[in-house]
Amino acid sequence: MDLKNKHVLVTGADGFIGSHLTEQLVRSAKHVKAFVHYNAFNSWGWLDDSPLDIKRQLEVISGDIRDPHAVKQAVRGCDAVFHLAALVAIPYSYHSPASYVDTNMKGTLHVLQAARELEIEKVIHTSTSEVYGTAQSVPITENHRLQGQSPYAATKIAADQLATAFHCSFATPVAIIRPFNTYGPRQSARAVIPTIIGQVAAGKKKIKLGALHPTRDFSYVKDTVNGFIKIAESEQTIGEVVQIGSNFEISIGDTARLIAEVMGAEIEILTDEQRLRPAKSEVERLCADYTKAKLLADWEPVYGGKEGFRKGLRETVDWFVTAENRRAYKVDEYNI
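Numbering (my numbering), first residue to last: 10 to 345.
In structure tokens, the structure reads:
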């Protein structure tokens, strides 16, 4: 699929990854619709901060992914759909699991049903590495077993299975992208890297975190966005799950220490009990094998390995240390 000649829709365009992807698609596609969550403030989320030339080229639609009529109206006239709209905060899924069912499962159903009825050329559905639970073997391939260790993960597994079912049952041209832990500018404060950077940037020496021993495979947002586009463009990805990761794992504790090094700060790490997941819900280890992405979509990380991670952290820090960019973040409050 050549995106240059296509009309595309991005659901969740107002979010962290969605806003970066939307901006890149404006530079790559013929016409881009951005589906953002309706709110009384007429806010487009992070798209409000996009360059003016980007916003002028966007068609922004405010709605709710839980409303099938609104979704179908947004999908109409498009050739491809990038489906990112979801609730993603794991701690909040313990508090309000029903909202995750409505948004992540039913929302995905609405996108798939609209794509089927309107005969969309391709749907790129967004999964997550959390569907694997704690790694049983590393590096993790797409054939690793699925295990929902949180309500969030369970709803994402269900959404992935719906996408696969629509492809198998109705030949809906779906590709599933499964990013590992994406980080970068604009990421929510509830994520670990912005949490660390925000506390250090605020001058705090004692950094409050949850569990320090779990390992993660962090992917810089530019790599993730490039993965979306590569998977959309490749005909070989239809009906496939393709994961995006760096094949480099690092513990949360070592991540905090590396961030402090990048920021030239000395820190002491404290365990904050409210930030700990229930013991059986904690995902202890994640590390991606991106062989399939390279084979089917000619994708590989630019920010891979420890030095790539350090480079991505520097770019992320540069964004967060700008006071104007931090205005929406409440460093002193734990945000579930």
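Beta carbons are placed, not taken as given, at the ideal position from N, Cα and C, and that holds for glycine. Remember, it's a predicted structure, so these values are computed and weren't measured experimentally.
Can you grab the Cα-Cα spacing for the pair residue i / residue j, in whole Å?
i, j, result
"histidine 222", "aspartate 281", "14 Å"
"tyrosine 299", "serine 228", "11 Å"
"leucine 305", "glutamine 170", "21 Å"
"glutamate 277", "lysine 165", "35 Å"
"lysine 303", "glutamate 309", "6 Å"
"alanine 241", "glycine 212", "42 Å"
"leucine 34", "aspartate 58", "16 Å"
"glutamate 275", "isoleucine 63", "39 Å"
"arginine 319", "tyrosine 312", "8 Å"
"valine 110", "proline 100", "15 Å"
"glutamine 145", "glutamine 156", "10 Å"
"tyrosine 343", "glutamate 333", "20 Å"
"alanine 167", "lysine 81", "21 Å"
"serine 243", "serine 37", "15 Å"
"asparagine 48", "glycine 24", "14 Å"
"lysine 315", "valine 271", "13 Å"
"lysine 239", "leucine 96", "24 Å"
"aspartate 205", "glutamate 32", "The residue you asked about is not aspartate; residue 205 is isoleucine in the sequence shown. Approximately 26 Å between the Cα atoms of the pair."
"methionine 10", "serine 197", "32 Å"
Where does residue i land, buried or exposed, given buried means 16+ other C-beta within 10 angstroms?
i, result
"isoleucine 345", "exposed"
"threonine 331", "exposed"
"cysteine 177", "exposed"
"arginine 154", "exposed"
"glycine 273", "exposed"
"proline 182", "buried"
"glutamate 126", "exposed"
"arginine 65", "exposed"
"aspartate 307", "exposed"
"asparagine 235", "buried"
"aspartate 226", "buried"
"leucine 12", "buried"
"leucine 61", "exposed"
Of all the options the options, which has the alpha carbon lying nearest to the alpha carbon of residue i?
i, options, result
"proline 148", "Gly212, Phe179, Phe189, Lys339", "Phe189"
"serine 159", "Ser290, Ile70, Gln33, Arg187", "Ser290"
"valine 209", "Asp341, Val41, His119, Arg125", "Asp341"
"serine 136", "Tyr47, Cys296, Asn113, Leu305", "Asn113"
"isoleucine 216", "Gly317, Gln66, Ala269", "Ala269"
"threonine 246", "Leu279, Glu293, Ile185", "Ile185"
"lysine 214", "Lys315, Ser108, Leu279, Gly27", "Leu279"
"alanine 288", "Ile202, Gly142, Gly254", "Gly142"
"leucine 30", "Ser105, Ala162, Ala94, Tyr161", "Ala94"
"lysine 346", "His119, Phe91, Ser146, Val140", "Residue numbering for the chain in the displayed model covers 10 to 345; residue 346 lies beyond these limits and cannot be assessed."
"aspartate 263", "Glu32, Thr224, Tyr109", "Thr224"
"alanine 297", "Thr191, Glu244, Arg336", "Thr191"
"valine 292", "Tyr343, Ala167, Glu139, Leu34", "Glu139"
"glutamate 151", "Arg336, Lys301, Tyr338", "Lys301"
"proline 203", "Gln82, Lys339, Gly157", "Lys339"
"valine 84", "Glu68, Leu96, Gly248, Asn256", "Glu68"
"asparagine 256", "Phe175, Ala174, Gly317", "Gly317"
"glycine 248", "Ala180, Ala265, Trp55", "Ala180"
"valine 250", "Ile205, Ala174, Lys315, Val271", "Ala174"
"alanine 163", "Ser197, Pro106, Ala124", "Pro106"
"alanine 123", "Thr20, Asp327, Ala265, Arg335", "Thr20"
"arginine 335", "Met10, Trp55, His46, Ala265", "Trp55"
Anyone know if the C-beta pair for residue i and residue j falls short of 8 Å?
i, j, result
"histidine 16", "glycine 86", "yes"
"phenylalanine 237", "isoleucine 133", "yes"
"aspartate 76", "isoleucine 129", "no"
"phenylalanine 329", "glycine 207", "yes"
"leucine 121", "alanine 79", "no"
"leucine 322", "leucine 285", "no"
"isoleucine 7", "threonine 233", "As shown, the chain starts at 10 and ends at 345. That puts residue 7 outside it, with no answer to give."
"isoleucine 259", "valine 201", "no"
"alanine 22", "phenylalanine 50", "no"
"arginine 195", "serine 52", "no"
"threonine 294", "glutamine 252", "Residue 294 is actually arginine in this sequence, not threonine. Not a contact, by the Cβ cut-off of 8 Å."
"isoleucine 74", "histidine 119", "yes"
"lysine 39", "leucine 18", "no"
"serine 108", "tyrosine 161", "no"
"glycine 254", "valine 230", "no"
"alanine 98", "arginine 199", "yes"
Would you list the one or two residues that DSSP bridges to residue i?
i, result
"threonine 20", "Phe44, His92"
"phenylalanine 227", "Asn190"
"alanine 297", "Ile149"
"threonine 135", "Ile186"
"isoleucine 259", "Arg225"
"isoleucine 278", "Ile216"
"glycine 72", "His46"
"isoleucine 253", "Pro188"
"leucine 67", "Val41"
Is there a Cβ of chain D sitting closer than 8 Å to that of residue i, yes or no?
i, result
"glutamine 158", "Absent from the structure: chain D. Only one protein chain is present."
State yes or no: is the C-beta of residue i nearer than 7 Å to some heavy atom of the ligand NAD?
i, result
"glycine 27", "The ligand NAD is not among the ligands present in this structure, which contains no ligands whatsoever."
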